[in-house]
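In the working numbering, the protein residues as written are 283 to 1227.
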């Protein structure tokens, strides 16, 4: 009997269904929802990110499930949230199911919202709605879809699919009409396919209180400015939203009288009811039950927050009111317009604001989930601390962080939206973002390969590659070291004939497995390495495997020569981003690294850097923003890399990633790895330091040095690597950081135009050798002391006629200014002794000039830092070092040997440096490497004294 019911329960007697705008674990587990259903006639529940943020972030109710879930393995933030939310949604659906049955599908619904981030993207909304519908798999679920322009076609499609839809974020009559007709069209499409429509339900959520809040602001502005009629303006308070809603109900009545609707109704269709949303009052001056008592009518729903529901139960006055005072409602809307306040503009602004609010709420929600994850997850993927060195840099990074959060830019990055960078072809190069999950799914392939290596009795594995295809595996081999029972790892990424011979002499050819690694299959070095060792191994293809992109020339060669296996890369992953693909994982498996365990640890960082990780807590994003802002706003573009001894080789990989990705268009980050140390106070203000510390292998002296750098005011990023098995996390963290820094620098982080320029020069020179038998002659501007000096005409003019090597070097080094860097480019065999000698020369320059210094061995640096040297900022002073080789090694099938190839690469490199206007000098040893290095070191000492 209605007289015995409380006011809230009486709503059903007037044709209105009260729904609860709230859900939580305790509401469901305590039996409170069932009580609301039985006592108060509650017939449905709505949820949104804000509701879940309060439930998850401000209680411990979800902790048991969080712990249990994470104990089974890490999940990304969005999946973890969905796991929690869908549990609640499913339980609520079960508790509401009797209502659904009793009302024959009219009521008994629980709503789950598609990601608010998709409000402006139609197809993504459709895809997510379908996925959520299938995942929850409850007939009394409603998927919430915003009634934006992009949402309208999604609604029509989803209704045609047979999915129940709660259309949200409606403010205007025009928007309501659009979604109402989308519902009708969706049903008609379903009928046209001969499918049932009697089980489909939809509500159109018409927002109320936010309109009055906006009107109140406009009224206050006009009153303060002395505009309009003050009495009329004050009379509008608390009336416009109700008037707007009453007009919407009249539109609803007109729609259900339309013949097209009547035809659908005859086939069992449920009407799309108006649902009054945002019914909690925003102003203390208004009655707390205002948006309930004034909007009661047949075939409507009112979804109330708990406080409004409590107020209605306590003192609500219930009567059918939706069509009361329609003339007064129309007058209110007329008066509003007459006072110069546009309801159309208000509702348009509210949609824009609503989309952003929903996204902001989602950010808070994912932040809450991320914090909970951090409390229960045992992994250490996100341990990073950035000391900015100045309040200004810190504030600028925080400002940029908020921009990335507000504008959803990390999600844009994960979608590969090329407008984030230069709007070129960046969208075609983001396969690396998802490769870890893909490789984990295919881990059995590498497990079988590892078994083949062990059973094959191989004593050695030689990787034949260059740049991105070799530097990552080199890090893995040096980090994990020689593993018992597995072959010794060797890497060839040099055309120096002595280095080629050294590899050949170091291995037992009959028991060596060669991995030919080349993405394009057309890169010069891997091809001639393969030719050389294929010949040396007696043309036994069973001792070779290839790692290459599908359809490449290398794949064709591998098939022709009977390689034991061919592993495919991913075309949408550039070489320097490929370490977590087959290019890094095939060599890893060959030397006994547990690839599934390695990838599982890496996945923790993927999740931490994911599209839904809060920007302030996203380790890759934070590092990238710090690097990008420091470089662009503070000219701290020399990224100085310091790593614990156990993972020291990561510096060489990072050099390539940073330099080749960012060094172009006169901009870029100049990576500085393995540099001797200065007193922290002696460094210039152009440095950003990154300290990659192995937790159980931290060097005390190194750590003290880093602490002194922080004390001296330099920005320092401290990145902790829990164990060597976690090194893959650093690969991914830095890949994200590099892509982010590229966006800040406004460059394309996935191309390498100046590397290609060097390759072209090299091809031209080798083609000349094929024709003439030798390289074109060149003339030094100085000879003596077993040395010849070369420079292009512009640079040569700076030297005049030097009397000695030391005199020439003094002139060259005097060209180094504040903010510059010096780079040694050594086209000699890379041995420990040669590296030590070059490091000594480097230290001399560093101590004398106090500028950043770089050291690269050619030609490997060509595919690495060479891009930044030629395409980045013109702040480098270059000393190229070449030599006469004591002994050449022939390239099978060619008329030249490796010595000619190396010489062509050096000259091509030098020519492009000159074309780019770089300050460059070439020192050529005419009497051999050893004596040449001694002479050079002495001359450098004199030049800098």
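All C-beta atoms, glycine included, are put in the ideal place defined by N, C-alpha and C.
Next item on the list: Could you round the C-beta distance between residue 332 and residue 643 to whole angstroms and report it? I think they count as a contact, below 8 Å.
Entry: Here residue 332 refers to the residue found at position 50 when the chain shown is read from its first residue. Here residue 643 refers to the residue found at position 361 when the chain shown is read from its first residue. Their Cβ separation, rounded to whole angstroms, is 4 Å, which keeps residue 332 and residue 643 in contact under 8 Å.
Check: Straight-line CA distance for residue 283 to residue 299?
Finding: Start at 1 with the first residue of the chain shown, and residue 283 comes out as number 1. Start at 1 with the first residue of the chain shown, and residue 299 comes out as number 17. Confidence at residue 283 is low in this model, with a pLDDT of 39, below 50, so the placement of that residue is unreliable and no value is reported for it.
Check: Can you list the alpha helix (DSSP H) stretches of 4 or more residues lying completely in the stretch 951-993, in chain order?
Finding: Those alpha helix (DSSP H) runs which fall completely within the stretch 951-993 and span 4+ residues are 982-993.
Check: Just checking, does the stretch 1144-1154 make contact with the stretch 1006-1022 on the three C-beta pairs under 8 Å criterion?
Finding: Taking 8 Å as the limit for Cβ pairs, the verdict is that the stretch 1006-1022 does not touch the stretch 1144-1154.
Margin query: With H, G and I counted as helix, E and B as strand and the rest as coil, what does DSSP make of residue 768?
Written below: Numbered from its first residue, the chain shown carries residue 768 at position 486. Residue state, collapsed to three classes: coil.
Next item on the list: Use the C-beta contact count for residue 774: other C-beta atoms within 10 angstroms, 16 or more gives buried, fewer gives exposed.
Entry: Counting from 1 along the chain shown, the entry for residue 774 is found at position 492. Its Cβ being crowded by 16 or more others within 10 Å, residue 774 is buried.
Next item on the list: Using alpha carbons as the reference points, say which of 602, 814, 1150, 348 lies closest to residue 946.
Entry: Translated into positions along the chain shown, residue 946 becomes position 664. Cα-wise, what sits closest to residue 946 is 1150.
Next item on the list: Excluding the 5 residues preceding and the 5 following residue 1219 in the sequence, name in chain order all residues of the same chain whose CB lies nearer than 7 Å to its CB.
Entry: Indexing the chain shown from 1 puts residue 1219 at position 937. Within the same chain, residue 1219 has close Cβ partners 1119, 1122, 1123.
Notebook entry, point to check: Would a C-beta distance cut-off of 8 Å place residue 453 and residue 633 closer than the cut-off?
Noted result: Looking up residue 453 in the chain shown gives position 171. Looking up residue 633 in the chain shown gives position 351. In this structure, residue 633 lies closer than 8 Å to residue 453 by Cβ.
Margin query: Rounding to the nearest angstrom, what Cα-Cα distance links residue 1135 and residue 744 in this structure?
Written below: On the chain shown, position 853 is the one that residue 1135 refers to. On the chain shown, position 462 is the one that residue 744 refers to. One C-alpha to the other measures close to 31 Å.
Next item on the list: Could you please give the first and the last residue of the uninterrupted alpha helix (DSSP H) stretch that includes residue 779?
Entry: Counting from 1 along the chain shown, the entry for residue 779 is found at position 497. Counting along the chain, the alpha helix (DSSP H) containing residue 779 begins and ends at 779-788.
Margin query: Check this for me: beta carbons of residue 805 and residue 887, under 8 Å apart or not?
Written below: What you label residue 805 is simply residue 523 of the chain shown in a count that begins at 1. What you label residue 887 is simply residue 605 of the chain shown in a count that begins at 1. No, the pair does not count as a contact, with Cβ atoms beyond the cut-off.
Next item on the list: Measure from the alpha carbon of residue 869 to the alpha carbon of each residue in 975, 742, 939, 819, then state which is nearest.
Entry: Taking the first residue of the chain shown as position 1, residue 869 is located at position 587. Residue 869 has its Cα closest to that of 742, out of 975, 742, 939, 819.
Note to self: Please give the ranges of any alpha helix (DSSP H) in the stretch 495-527, keeping only runs that are unbroken, at least 4 residues long and fully inside the region.
What the structure shows: Assignment of alpha helix (DSSP H) within the stretch 495-527, counting only whole runs of 4 or more residues, yields 512-517 in chain order.
Next item on the list: Please report how far the alpha carbon of residue 317 lies from the alpha carbon of residue 310, in whole angstroms.
Entry: Taking the first residue of the chain shown as position 1, residue 317 is located at position 35. Taking the first residue of the chain shown as position 1, residue 310 is located at position 28. Taking the straight line from one Cα to the other gives about 10 Å.
Check: Does DSSP put residue 283 in a helix, a strand or coil?
Finding: Here residue 283 refers to the residue found at position 1 of the chain shown. Annotation note: pLDDT 39 at residue 283 (below 50); position unreliable, coordinate value reported separately. Coil.
Margin query: The alpha helix (DSSP H) that contains residue 920, what's its start and end?
Written below: Taking the chain shown and counting its residues from 1, the one referred to as residue 920 is at position 638. From DSSP, residue 920 is part of no alpha helix (DSSP H) but of the beta strand (DSSP E) over 920-925.
Margin query: With H, G and I counted as helix, E and B as strand and the rest as coil, what does DSSP make of residue 382?
Written below: Reading the chain shown from its first residue, position 100 is the one you call residue 382. Note: residue 382 maps to helix in three-state DSSP.
Next item on the list: Over the uninterrupted alpha helix (DSSP H) stretch that includes residue 424, give me the two end residues.
Entry: Start at 1 with the first residue of the chain shown, and residue 424 comes out as number 142. No alpha helix (DSSP H) holds residue 424; the beta strand (DSSP E) holding it covers 423-428.
Checklist line | Three CB pairs or more closer than 8 Å across the stretch 683-698 and the stretch 837-844 | finding: no
Next item on the list: Could you tell me whether the Cβ atoms of residue 751 and residue 860 are closer together than 8 Å?
Entry: As a position in the chain shown, residue 751 is number 469, starting the count at 1. As a position in the chain shown, residue 860 is number 578, starting the count at 1. Going by C-beta atoms, residue 751 is nearer than 8 Å to residue 860.
Next item on the list: Please state if the CB of residue 746 and the CB of residue 815 are separated by a distance shorter than 8 Å.
Entry: On the chain shown, residue 815 is found 533 positions in, with the first residue counted as 1. On the chain shown, residue 746 is found 464 positions in, with the first residue counted as 1. Yes; because the gap between Cβ atoms is below 8 Å, this pair is in contact.
Next item on the list: Could I get the ranges of all uninterrupted beta strand (DSSP E) runs contained in the stretch 519-570, with 3 residues as the minimum, in chain order?
Entry: 555-559
Item checked: Straight-line Cα distance separating residue 450 from residue 866 -> Working through the chain shown from its first residue, we reach residue 866 at position 584. Working through the chain shown from its first residue, we reach residue 450 at position 168. Roughly 47 Å between the two C-alpha positions.
Next item on the list: State buried or exposed for residue 1012, treating a residue as buried only when at least 16 other CB atoms are found within 10 Å of its CB.
Entry: Numbered from 1 along the chain shown, position 730 holds the residue referred to as residue 1012. It is buried - the Cβ of residue 1012 has at least 16 other Cβ atoms within 10 Å.
Check: Going by the CB atoms, is the gap between residue 955 and residue 937 shorter than 8 Å?
Finding: Translated into the one-based positions of the chain shown, residue 937 becomes position 655. Translated into the one-based positions of the chain shown, residue 955 becomes position 673. Yes. Within cutoff.
Next item on the list: Would you mind reading off the limits of the alpha helix (DSSP H) that contains residue 852?
Entry: In the chain shown, residue 852 corresponds to position 570, counting from 1. No alpha helix (DSSP H) contains residue 852, which DSSP labels as neither H nor E.
Check: Grouping DSSP H, G and I as helix and E and B as strand, with all else coil, what is residue 843?
Finding: Here the question's residue 843 lines up with position 561 in the chain shown. Of the three classes helix, strand and coil, the one that applies to residue 843 here is coil, per DSSP.
Note to self: Under 8 Å: do the stretch 1082-1101 and the stretch 760-774 share three or more Cβ pairs, one atom per stretch?
What the structure shows: no
Notebook entry, point to check: Can you tell me the Cα-Cα spacing of residue 658 and residue 503, whole angstroms?
Noted result: Position 376 of the chain shown, counted from the start, is the residue given in the question as residue 658. Position 221 of the chain shown, counted from the start, is the residue given in the question as residue 503. C-alpha separation (whole angstroms): 49 Å.
Item checked: Rounded distance between the beta-carbons of residue 798 and residue 836, thought under 8 Å -> The residue you call residue 836 lines up with position 554 of the chain shown. The residue you call residue 798 lines up with position 516 of the chain shown. Confirmed, Cβ separation roughly 7 Å.
Next item on the list: Could you tell me if residue 445 is buried or exposed, where buried requires 16 or more neighbouring beta carbons within 10 angstroms of its beta carbon?
Entry: Along the chain shown, read from residue 1 onward, the residue named residue 445 stands at position 163. Buried, because 16 or more other Cβ atoms sit within 10 Å of the Cβ of residue 445.
Notebook entry, point to check: Going by Cα to Cα distance, which pick from 404, 1181, 714, 1036 is closest to residue 892?
Noted result: Mapped onto the chain shown, residue 892 falls at position 610. Among 404, 1181, 714, 1036, the Cα nearest to that of residue 892 is on 714.
Next item on the list: Pick out the complete beta strand (DSSP E) segments inside the stretch 675-752, 3 residues or longer, and give them in chain order.
Entry: 742-746
Item checked: Cβ contact check for the stretch 968-983 and the stretch 1163-1183: 3 or more pairs under 8 Å -> Put simply, the stretch 968-983 does not touch the stretch 1163-1183. Fewer than three CB pairs are less than 8 Å apart.
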